[in-house]
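S.K.: In our numbering, the protein residues as written are 1 to 149.
Encoded structure:
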């Protein structure tokens, strides 16, 4: 190497959005979660699917380990009023305030207000277009700091 030469450093200009898709609770139906995961992947996001029967603790631990921007909870069992507040509490305990939480599945209209008050960024009920979910995530993910050299 000649004096004064420094190798070119490539810094990524745009960080890929990382989404954790989780099926918390005893619900054993995951076709919808897999369809959403595939649509998000096809939209250029990195998707981590946790599989069935996850506890809130397992979901938040995986989100922390995977350094995700978004947690998508798919709930069909009716347990959303117990599971979601617990996930939100665990995120707060782990100082994960920059992670947005979205919920999809069978969520009755009367439960939407309490879930949004708990901190859920959006709720997507059956029939929501995939493009709407992708657009919401892209418009609401908070950028993370890129380390300086």
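We treat Cβ as the ideally placed atom computed from N, Cα and C, and that holds for glycine.
#1: Based on DSSP bridge pairs, tell me the residues matched to residue 31.
#2: Identify, in the order they occur along the chain, each residue of the same chain with its Cβ nearer than 6 Å to the Cβ of residue 122, setting aside the five sequence neighbours on each side.
#3: Check the DSSP bridge columns for residue 102 and list the partner residues they point to.
#4: Leaving aside the five residues before and after residue 134 along the sequence, list all residues of the same chain whose C-beta is less than 6 Å from its C-beta, in chain order.
#5: Given a cut-off of 8 Å, decide if residue 72 and residue 35 are closer than it, judged by their beta-carbon atoms.
#6: What's the call for residue 116, buried or exposed, on a 16-neighbour Cβ count within 10 Å?
#7: Where do the N-terminal and C-terminal ends of the beta strand (DSSP E) with residue 22 fall, by residue?
M.R.: Taking the coordinates as given:
#1: Numbered from 1 along the chain shown, position 31 holds the residue referred to as residue 31. Residue 31 pairs with nothing; no bridge assigned.
#2: Sequence index remark: in the chain shown, residue 122 carries index 122 (1-based). The residues are 102, 136.
#3: Indexing the chain shown from 1 puts residue 102 at position 102. Paired residues: 72, 122.
#4: Sequence index remark: in the chain shown, residue 134 carries index 134 (1-based). Result list for residue 134: 43, in chain order.
#5: Here the question's residue 35 lines up with position 35 in the chain shown. Here the question's residue 72 lines up with position 72 in the chain shown. Cβ distance not < 8 Å, so residue 35 and residue 72 don't count as in contact.
#6: Reading the chain shown from its first residue, position 116 is the one you call residue 116. Residue 116 comes out exposed.
#7: Translated into positions along the chain shown, residue 22 becomes position 22. Here the beta strand (DSSP E) through residue 22 covers 18-22.
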